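The working numbering applies: residue 16 is where the sequence shown begins, and numbers increase by one. Even glycine gets a Cβ: it sits at the ideal position worked out from N, Cα and C. Small disclaimer: the values here were computed from a predicted structure and weren't measured.
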Amino acid sequence: MKTLTPTALGALCAVLAVVFFSANDVAIKWLSDGYALHQVVLIRSFIGLAIILAIIAPMTDGFAIARTKKLKMHLLRGSFVVFANLTFFLGLAAMPLAEAVAIFFISPLVITVFSVMFLGETVGPKRWAAIGLGFVGVLIMVRPGTAAFQPASLLPLVSAFCYAGMHIMTRRIGGTESAATMAFYIQIMFIIVCAAMGLTVGWGQFGDQTDPSLAFLLRAWEWPLLSDLPVFLLIGAGTAFAGYLISQAYRVAEASFVAPFEYLALPMAVVWGMVIFDEYPGLTDYLGMALILAAGLFMVWREGQKPAAKIRRPLRR
């Protein structure tokens with residue numbers, strides 16, 4: 016059997032990772048009607064941590080992945096990831112899957128803005144134009160000030176800004192901290208935050224909510240149904256393996272080649288929404304998605320023109 020070239024391997028890993036991440040979004044939206052968000056994410060994180068310790072750690076530095084001299088930085092970075100995930104998933108509970116994913120894809124553009132603000136990087140007029148185009152796409156989809164506006168549409172936008180903060184933190188500690196160590200502390204932060212939320216509001220004392228996002232956030236914990244256990248396992252294992260696959264893709268292939276494959280998540284979200292949730296975007300939504308997608312792909316292309324450029328990538332949920 017022929018061995019895959021690095022380029023082919025990178026493409027395969029990227030596509031599989033996107034499939035896993037997309038399935039994770041579908042599974043969490045599926046569970047949002049019956050479980051509390053912090054319960055779902057806590058179970059996911061325990062499964063993900065078990066996989067990191069049992070499979071990924073032995074392949075890297077073993078239990079030494081927990082050693083760090085930058086614990087505070089890891090905890091701050093982990094907090095950004097936690098709140099990026101929670102706000103995105105709360106948005107999923109109340110709005111169509113494709114719309115939430117599309118709005119979140121503004122994150123590469125926000126990262127570019129943050130890189131200028133906090134890292135002193137420079138951005139040319141063409142990339143500023145792409146950033147403006149992407150935000151126009153978001154405004155078209157969110158439709159502020161109209162009867163079609165729903166507050167839940169702001170949650171994926173908040174998620175994108177939280178993720179951008181995480182990316183800036185990664186740039187600051189990535190030179191000395193391994194990917195396995197960063198992944199380990201992210202799971203630890205998920206467990207700490209979700210356990211605290213469960214102990215605080217997991218009794219359901221505030222669970223009588225009509226808003227889908229608030230109901231997902233404040234619902235009482237329920238013992239998982241046997242039929243739902245495979246879904247929980249998919250969420251935990253899928254997220255862990257997707258993180259590994261996307262890291263492998265960027266390790267073996269050029270970033271400018273791999274990054275466009277991640278945008279497959281948007282058409283996947285449209286298809287999943289139609290098939291599973293009976294959600295059909297309108298023409299206005301498609302226009303907003305097209306502008307966000309075009310702006311993101313242009314940024315990827317511009318970054319690919321730079322020697323040894325590093326693509327600013329969307330969230331690994």
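Q: Note down the Cα distance separating Leu306 from Leu27, rounded to an integer number of angstroms.
A: 27 Å
Q.
Between the alpha carbons of Ile58 and Phe256, how many angstroms are there, rounded?
A. 16 Å
Q. What residues in its chain sit with their C-beta under 6 Å from that of Pro282, if we drop five residues either side in the sequence?
A. none
**Q.** Same chain, Cβ closer than 7 Å to Glu237, five either side skipped, listed in chain order
**A.** Gly49, Tyr50
Q) Where does Leu19 sit, in a helix, a strand or coil, going by DSSP? A) coil
(Q) Quick check: what's the CA-CA separation for Ser168 versus Thr18? (A) 45 Å
**Q.** Candidates Leu279, Ala65, Leu86, Lys84, of which the one nearest Gly77 by Cα
**A.** Ala65
Q. For Pro140, does the count of other Cβ atoms within 10 angstroms reach 16, so buried, or fall short, so exposed?
A. exposed
Q. Among residues of its own chain, excluding the 5 on either side of Phe164, which ones have a beta-carbon nearer than 6 Å to its beta-carbon?
A. Arg158
Q | Spatial distance of Trp316 from Pro275 (CA atoms) | A | 9 Å
Q.
In this structure, how does DSSP classify Lys87 when only helix, strand and coil are distinguished?
A. helix
Q: Please determine, among Ala115, Leu134, Met181, Phe133, the residue with the shortest C-alpha to C-alpha distance to Leu152.
A: The sequence as given places Gly at residue 152; Leu does not occur at that position. Among Ala115, Leu134, Met181, Phe133, the Cα nearest to that of Gly152 belongs to Ala115.
Q: Measure the C-alpha to C-alpha separation of Pro329 and Leu134 and round it to an integer number of angstroms.
A: Per-residue confidence for Pro329 stands at a pLDDT of 47, beneath the threshold of 50, marking its modelled position as unreliable; the derived number appears in the next sentence. Answer to the nearest angstrom: the Cα atoms are 19 Å apart.
Q. What's the C-alpha gap between Pro296 and Val273?
A. 27 Å
Q: Measure the C-alpha to C-alpha separation of Gln220 and Ala235 and round it to an integer number of angstroms.
A: 8 Å
Q) Can you name, in chain order, every residue of its own chain whose Cβ lies under 6 Å from the Cβ of Ser174, other than the five neighbours on each side? A) Ala99, Thr102, Phe103, Phe119
Q: In the DSSP assignment, find the alpha helix (DSSP H) that holds Phe256 and state where it starts and stops.
A: 244–267
Q. According to the neighbour-count rule (16 or more other Cβ atoms, all chains shown, within 10 Å of its Cβ), is Arg92 buried or exposed?
A. buried
**Q.** Beta-carbon gap between Leu112 and Asp243 smaller than 9 Å
**A.** no
Q. Which residues bound the alpha helix (DSSP H) around Thr196?
A. 194–216
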